[in-house]
Amino acid sequence: MRRPHRVAVLLVDPVVGFDAAIAPTLFGAAEADGEPLYEVVTCSATGGQVASTNGFALVPQAGPEALDDADTVIVPGTRNAAVRRDGRLDDAVGAAVARIPATARTVSICTGAFVLAAAGLLDGRRATTHWRHADALRALHPAVDVDENVLFVDGGDILTSAGLAAGIDLCLHIIRRDHGGQVANAVARFCVVPPWREGSQAQFIEAPLPHDDSASTAATREWACAHLQEPLTIEQLAAHAGMSTRTFIRRFREETGQPPGVWMRSRRLDRARELLEARTLSIDEVARRSGLGSGANLRHHLRRGLGMSPTSYRKAFADREFTDA
């Protein structure tokens, strides 16, 4: 049996307490057949206690040596003065970051992006951080293409997320990418969070919230997810929400950052991926149950979204399950 994928969480003093707990919680909950899929260790640049920005301190499990054999390194948000004000790494943090293997996947949550940027890892790349700090990141590191209008950016070997709860979305995205929708959804259920928010979804920047639940499209979105196999129209969705079509489309965009049609297509593709991973249905039946209609339509959207056919996608997860067993 292969060893679990090793995730090292580098806590940079003072660390954002909420961010620090995300990766250990989510990756620690990922299992297959009762066996952990990840081995998660928290570490600091000195091996010592790390203050948080939330009135408590954290005692990491290890020092920087934990980075040496990490498969994935995650840097939560920080208010470290050298990083956030001067755009540089102090000696201890710089030495720790230098230990990250070239083969490791490197991830930042929220203002952890400032650490990756100060190390030069984001130069020439698109990246994100909390919308409130995007201008500061852009000013300190003009070589970074900062996009504050998304929840996370998946650059393959380097991934960055927006603020706070967007780190949950990114970790679920990584788990989904590594082990498929069923594992990611199980982790989401355990953590009682939505299983999927598209990375391109807008951050909620100073957006007014509805005054009451009746003014939200949330219930309709939940209803739509339970009826993906039906040919739902925007008019039907608006009627379910008790809104005019124009009001529904406007409110939907405010809450999700996407038009209803784009959001529905993404949810249907998510459902199709889950059904393909189960490997028990034909391609045409997967398309029907996910609401994509035909195998040809499923092939079109999967190729456009992921660059592979349904058969290739199914085979990729079959091979991954066999390798990880």
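Per the numbering used here, numbering through the sequence shown is continuous, rising by one, with the last residue being 396. The beta carbon of each residue, even a glycine, is placed where N, CA and C say it ideally should be. Quick caveat, the model's predicted, so the values are computed rather than measured.
Exercise for the section: Determine whether the Cβ of Arg170 lies closer than 8 Å to any Cβ atom of chain C. Expected result: The structure shown contains no chain C; it holds only a single protein chain.
Practice task
Locate the alpha helix (DSSP H) running through Cys114, then write down its first and last residues.
Solution key: Here residue 114 refers to the residue found at position 43 when the sequence shown is read from its first residue. Element bounds for Cys114: not the alpha helix (DSSP H) but the beta strand (DSSP E), 109–115.
Problem - Under the three-state DSSP convention, the category Ser380 falls into - result: Translated into positions along the sequence shown, residue 380 becomes position 309. Ser380: coil per DSSP, three-state reduction.
Handout entry: Distance CB(Pro131)-CB(Thr113) smaller than 8 Å
Key = On the sequence shown, residue 131 is found 60 positions in, with the first residue counted as 1. On the sequence shown, residue 113 is found 42 positions in, with the first residue counted as 1. When the beta-carbon positions are compared, Pro131 and Thr113 come within less than 8 Å of each other.
Exercise for the section: Pull up the CB-CB distance for Ala184 and Ala175, whole angstroms please, since I reckon it's below 8 Å. Expected result: The sequence position of residue 184 within the sequence shown is 113, counting from 1. The sequence position of residue 175 within the sequence shown is 104, counting from 1. No, Ala184 and Ala175 are not in contact; Cβ-Cβ is about 17 Å, not under 8 Å.
Practice task
With distances taken Cα to Cα, identify the nearest neighbour of Arg247 among Ala173, Tyr384, Arg74, Leu160.
Solution key: Here residue 247 refers to the residue found at position 176 of the sequence shown. Nearest in C-alpha terms to Arg247, of all of Ala173, Tyr384, Arg74, Leu160, is Tyr384.
Practice task
Apply the 10 Å Cβ neighbour rule to Leu280 and answer buried if 16 or more other Cβ atoms are within range, or exposed otherwise.
Solution key: Locating residue 280 in the sequence shown gives position 209, counting from the first residue. With a pLDDT of only 40 at Leu280, under 50, the local geometry of the prediction cannot be trusted, and the value read off the model is given with reservation. Counting Cβ neighbours within 10 Å, Leu280 comes out exposed, since fewer than 16 surround it.
Handout entry: Ala163 versus Leu241 - alpha carbon distance
Key = Looking up residue 163 in the sequence shown gives position 92. Looking up residue 241 in the sequence shown gives position 170. Computed Cα separation, rounded: 27 Å.
Handout entry: Backbone secondary structure at Glu219 - three-state DSSP
Key = As a working mapping, residue 219 is identified with position 148 in the sequence shown. DSSP, read as helix, strand or coil, puts Glu219 in coil.
Exercise for the section: Please go through the same chain and pick out, in chain order, the residues whose beta-carbon is closer than 8 Å to the beta-carbon of Thr382, but skip the five residues on each side of it. Expected result: Here residue 382 refers to the residue found at position 311 when the sequence shown is read from its first residue. Here the set comprises Ile354.
Handout entry: Per DSSP, cross-strand counterpart(s) of His298
Key = Here the question's residue 298 lines up with position 227 in the sequence shown. Residue pairing by DSSP leaves His298 without any beta bridge partner.
Handout entry: Cβ neighbours of Ser271 in the same chain (closer than 7 Å, five flanking residues each side left out)
Key = Taking the first residue of the sequence shown as position 1, residue 271 is located at position 200. Per-residue confidence for Ser271 stands at a pLDDT of 48, beneath the threshold of 50, marking its modelled position as unreliable; no derived number is given.
Exercise for the section: With hydrogens ignored, establish whether the beta-carbon of Ala358 is closer than 7 Å to any heavy atom of the ligand MG. Expected result: This structure lacks the ligand MG, and indeed carries no ligand of any kind.
Exercise for the section: To the nearest angstrom, report how far apart Asp104 and Ala94 are at their CA atoms. Expected result: Counting from one through the sequence shown, the residue named residue 104 turns up at place 33. Counting from one through the sequence shown, the residue named residue 94 turns up at place 23. Near 21 Å, if we compare the C-alpha coordinates of Ala94 and Asp104.
Practice task
At 4 residues or longer, and completely inside the segment 163–206: list those alpha helix (DSSP H) runs for me, N to C.
Solution key: Runs of the alpha helix (DSSP H) inside the segment 163–206: 184–189.
Handout entry: Alpha-carbon spacing of Thr200 relative to Val178, whole angstroms
Key = For the purposes of this step, residue 200 is identified with residue 129 of the sequence shown, where counting begins at 1. For the purposes of this step, residue 178 is identified with residue 107 of the sequence shown, where counting begins at 1. Going from the Cα of Thr200 to the Cα of Val178 covers about 12 Å.
Exercise for the section: Would you mind stating whether Asp90 and Gly238 have Cβ atoms separated by less than 8 Å? Expected result: Sequence index remark: in the sequence shown, residue 90 carries index 19 (1-based). Sequence index remark: in the sequence shown, residue 238 carries index 167 (1-based). Yes; because the gap between Cβ atoms is below 8 Å, this pair is in contact.
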